[in-house]
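Reading through the structure tokens given below for one structure.
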Amino acid sequence: MTTHTYELTVTREFVAQHFLTVPDPGPEGTPHSHHFTVEVRFGGAELGEFGYLVDIDDVDAILDDLEDRYRDALLNDLPEFEGLNPSVEHFARLFGDRVERALDDPNPEHLRVQLWEDDVSWASHARRLEG
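By this note's numbering, the letter at position 51 of the sequence shown is numbered 35, and the numbering carries on one by one without gaps.
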């Protein structure tokens, strides 16, 4: 028996600021900008009624809202980062939280958020979605 897995990825770019709050962060401890690239990847074994894993237009609308939230923001000032060092790892998880809450599609089974903070550094967070 063959098991098929489908994946759909949508990418978005935006600039946001942060500063690290760990002891002795060096220059990362002062506010600075990153040109973030986020890749939101959905996975699942079944396609929906119209042959989609998830509708790209729906994902685009979610990413439009998230881009509006984070573009030009100082991440440290946002409530979801309260008490957290605003690392790219935390940001990937928090971004995924918001994607999952906004998604109204029972079809995808998995979500992976890969968040690049520059040309060479990224973190990701993956989770199983409850449909």
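In this text, a Cβ means the ideal position worked out from N, Cα and C, and glycines have one as well.
Subject >> Touch test, the stretch 37 to 54 against the stretch 95 to 114, Cβ-Cβ under 8 Å, three pairs minimum >> reply: no
Subject >> Short Cβ contact (8 Å threshold) for R117 with E51 >> reply: Coverage of the chain is limited to positions -15 through 115, which leaves residue 117 absent and any answer about it impossible.
Original post:
For H2 versus P70, is the C-beta distance shorter than 8 Å?
Top reply: Here residue 2 refers to the residue found at position 18 of the sequence shown. Here residue 70 refers to the residue found at position 86 of the sequence shown. Yes; because the gap between Cβ atoms is below 8 Å, this pair is in contact.
**OP:** Could you spell out where the alpha helix (DSSP H) holding V72 opens and where it closes?
**Re:** Here residue 72 refers to the residue found at position 88 when the sequence shown is read from its first residue. Segment 72 to 86, the alpha helix (DSSP H) holding V72.
Original post:
Mapping DSSP to helix, strand and coil, what is R96?
Top reply: As a first step, residue 96 is located in the sequence shown; it is residue number 112 there, counting from the start. If DSSP states are grouped into helix, strand and coil, R96 belongs with the strands.
**OP:** Put R(-4) into one of helix, strand or coil per three-state DSSP.
**Re:** Locating residue -4 in the sequence shown gives position 12, counting from the first residue. In the three-state reduction of the DSSP assignment, R(-4) falls in the strand class.
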